[in-house]
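Numbering (the numbering used here), first residue to last: 623 to 739.
Every residue gets a Cβ at the ideal spot worked out from N, C-alpha and C, and that includes glycine.
Structure first, commentary second.
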(Lines of atoms letter the chains of each structure in order from A and count residues from 1; the text may use other names and numbers.)
(Lines give C-alpha, C1' and ligand atoms only; values in the text may rest on other atoms or scores of the structure.)
Protein backbone atom coordinates (compact mmCIF):
# COMPACT_ATOMS: atom_id res chain seq x y z
CA UNK A 1 0.00 0.00 0.00
CA UNK A 2 1.31 3.40 -0.92
CA UNK A 3 1.21 5.99 1.86
CA UNK A 4 2.00 9.69 2.33
CA UNK A 5 3.27 9.48 5.91
CA UNK A 6 5.21 6.28 6.42
CA UNK A 7 5.92 6.61 10.13
CA UNK A 8 2.37 7.63 11.05
CA UNK A 9 1.01 4.61 9.16
CA UNK A 10 3.56 2.20 10.67
CA UNK A 11 2.63 3.54 14.12
CA UNK A 12 -1.08 2.98 13.41
CA UNK A 13 -0.63 -0.68 12.45
CA UNK A 14 1.68 -1.33 15.39
CA UNK A 15 -0.60 0.29 17.98
CA UNK A 16 -3.97 -0.85 16.66
CA UNK A 17 -3.21 -4.33 15.32
CA UNK A 18 0.08 -5.27 16.96
CA UNK A 19 1.96 -5.66 13.67
CA UNK A 20 5.73 -5.91 13.88
CA UNK A 21 8.23 -4.25 11.55
CA UNK A 22 10.32 -7.05 10.04
CA UNK A 23 12.48 -4.97 7.71
CA UNK A 24 12.94 -1.58 6.10
CA UNK A 25 14.39 -0.95 2.67
CA UNK A 26 15.06 1.98 0.37
CA UNK A 27 14.91 1.30 -3.36
CA UNK A 28 17.41 2.76 -5.84
CA UNK A 29 14.74 5.25 -7.03
CA UNK A 30 14.12 6.53 -3.48
CA UNK A 31 11.02 4.60 -2.42
CA UNK A 32 11.02 3.73 1.26
CA UNK A 33 9.50 0.36 2.10
CA UNK A 34 8.43 -1.07 5.44
CA UNK A 35 7.29 -4.66 5.86
CA UNK A 36 4.93 -5.43 8.75
CA UNK A 37 4.29 -8.97 10.00
CA UNK A 38 0.80 -9.95 11.04
CA UNK A 39 0.75 -11.68 14.46
CA UNK A 40 0.24 -15.45 14.43
CA UNK A 41 0.64 -15.54 10.64
CA UNK A 42 3.23 -15.69 7.91
CA UNK A 43 1.50 -12.79 6.16
CA UNK A 44 3.16 -9.41 5.74
CA UNK A 45 1.91 -6.02 4.66
CA UNK A 46 4.20 -3.82 2.59
CA UNK A 47 3.93 -0.05 2.99
CA UNK A 48 5.58 2.14 0.38
CA UNK A 49 6.43 5.82 0.56
CA UNK A 50 7.66 7.60 -2.56
CA UNK A 51 7.85 11.36 -2.02
CA UNK A 52 8.17 12.12 -5.74
CA UNK A 53 4.70 10.80 -6.51
CA UNK A 54 2.81 13.31 -4.38
CA UNK A 55 0.23 12.72 -1.65
CA UNK A 56 -1.82 9.54 -1.66
CA UNK A 57 -5.54 9.93 -2.30
CA UNK A 58 -7.39 6.73 -1.45
CA UNK A 59 -10.58 6.22 -3.41
CA UNK A 60 -13.53 5.26 -1.20
CA UNK A 61 -14.21 1.51 -1.23
CA UNK A 62 -11.16 0.88 -3.43
CA UNK A 63 -9.74 -1.77 -1.12
CA UNK A 64 -9.48 -2.74 2.48
CA UNK A 65 -7.68 -5.12 4.78
CA UNK A 66 -9.49 -7.35 7.24
CA UNK A 67 -8.31 -8.73 10.58
CA UNK A 68 -10.09 -11.27 12.75
CA UNK A 69 -10.42 -10.48 16.44
CA UNK A 70 -11.46 -12.82 19.24
CA UNK A 71 -13.70 -10.27 21.00
CA UNK A 72 -15.07 -7.14 19.32
CA UNK A 73 -15.89 -5.42 22.62
CA UNK A 74 -12.34 -5.88 23.92
CA UNK A 75 -10.92 -4.71 20.61
CA UNK A 76 -13.12 -1.59 20.77
CA UNK A 77 -11.74 -0.85 24.25
CA UNK A 78 -8.19 -1.38 22.97
CA UNK A 79 -8.48 1.00 20.02
CA UNK A 80 -10.05 3.66 22.22
CA UNK A 81 -7.13 3.32 24.65
CA UNK A 82 -4.65 3.92 21.79
CA UNK A 83 -6.59 6.91 20.44
CA UNK A 84 -8.76 5.50 17.64
CA UNK A 85 -12.40 4.61 17.10
CA UNK A 86 -14.53 2.66 14.68
CA UNK A 87 -15.54 4.58 11.58
CA UNK A 88 -18.48 2.20 11.08
CA UNK A 89 -20.09 -0.52 13.19
CA UNK A 90 -19.90 -2.85 14.94
CA UNK A 91 -22.64 -4.56 12.95
CA UNK A 92 -23.94 -8.12 13.29
CA UNK A 93 -24.25 -9.94 9.96
CA UNK A 94 -26.80 -12.57 8.98
CA UNK A 95 -24.06 -15.22 9.29
CA UNK A 96 -23.57 -14.36 12.97
CA UNK A 97 -20.27 -12.54 12.49
CA UNK A 98 -19.77 -9.05 13.85
CA UNK A 99 -17.81 -6.58 11.78
CA UNK A 100 -16.61 -3.01 12.11
CA UNK A 101 -14.22 -0.65 10.35
CA UNK A 102 -11.40 1.61 11.48
CA UNK A 103 -9.72 4.05 9.10
CA UNK A 104 -5.94 4.01 8.71
CA UNK A 105 -4.20 7.40 8.43
CA UNK A 106 -4.20 7.43 4.62
CA UNK A 107 -7.92 6.66 4.44
CA UNK A 108 -7.55 2.95 3.80
CA UNK A 109 -10.47 1.17 5.42
CA UNK A 110 -9.52 -1.70 7.74
CA UNK A 111 -12.22 -4.24 8.57
CA UNK A 112 -12.32 -6.05 11.90
CA UNK A 113 -14.30 -9.29 12.13
CA UNK A 114 -15.41 -11.36 15.10
CA UNK A 115 -16.63 -14.74 13.89
CA UNK A 116 -19.43 -16.48 15.77
CA UNK A 117 -18.33 -18.69 18.63
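Cutoff 7 Å; reference residue i; Cβ partners in own chain excluding five residues on either side
i, result
"residue 728", "625, 626, 631, 678 and 680"
"residue 688", "733 and 735"
"residue 711", "721, 722 and 723"
"residue 674", "652"
Span separating the alpha-carbon of residue i from that of residue j
i, j, result
"residue 655", "residue 676", "16 Å"
"residue 693", "residue 736", "6 Å"
"residue 650", "residue 704", "35 Å"
"residue 672", "residue 639", "24 Å"
"residue 738", "residue 695", "13 Å"
"residue 690", "residue 648", "31 Å"
"residue 716", "residue 663", "28 Å"
"residue 706", "residue 682", "19 Å"
Cβ shell of residue i (< 8 Å), same chain only, five flanking positions each side left out
i, result
"residue 666", "644, 657, 658, 659 and 660"
"residue 725", "709, 731 and 732"
Residue i Cβ short of 6 Å to the ligand FAD heavy atom set
i, result
"residue 689", "Annotation note on the ligand FAD: not contained in the displayed structure, which lists no ligands."
Identity of the residues DSSP links to residue i by a beta bridge
i, result
"residue 654", "648 and 671"
"residue 720", "714 and 736"
"residue 725", "731"
Nonlocal neighbours in the same chain, by C-beta distance under 6 Å from residue i, ignoring five residues either side
i, result
"residue 670", "624, 653 and 655"
"residue 714", "720"
Candidates the options: closest to residue i by CA position
i, options, result
"residue 646", "686, 628, 701 and 637", "628"
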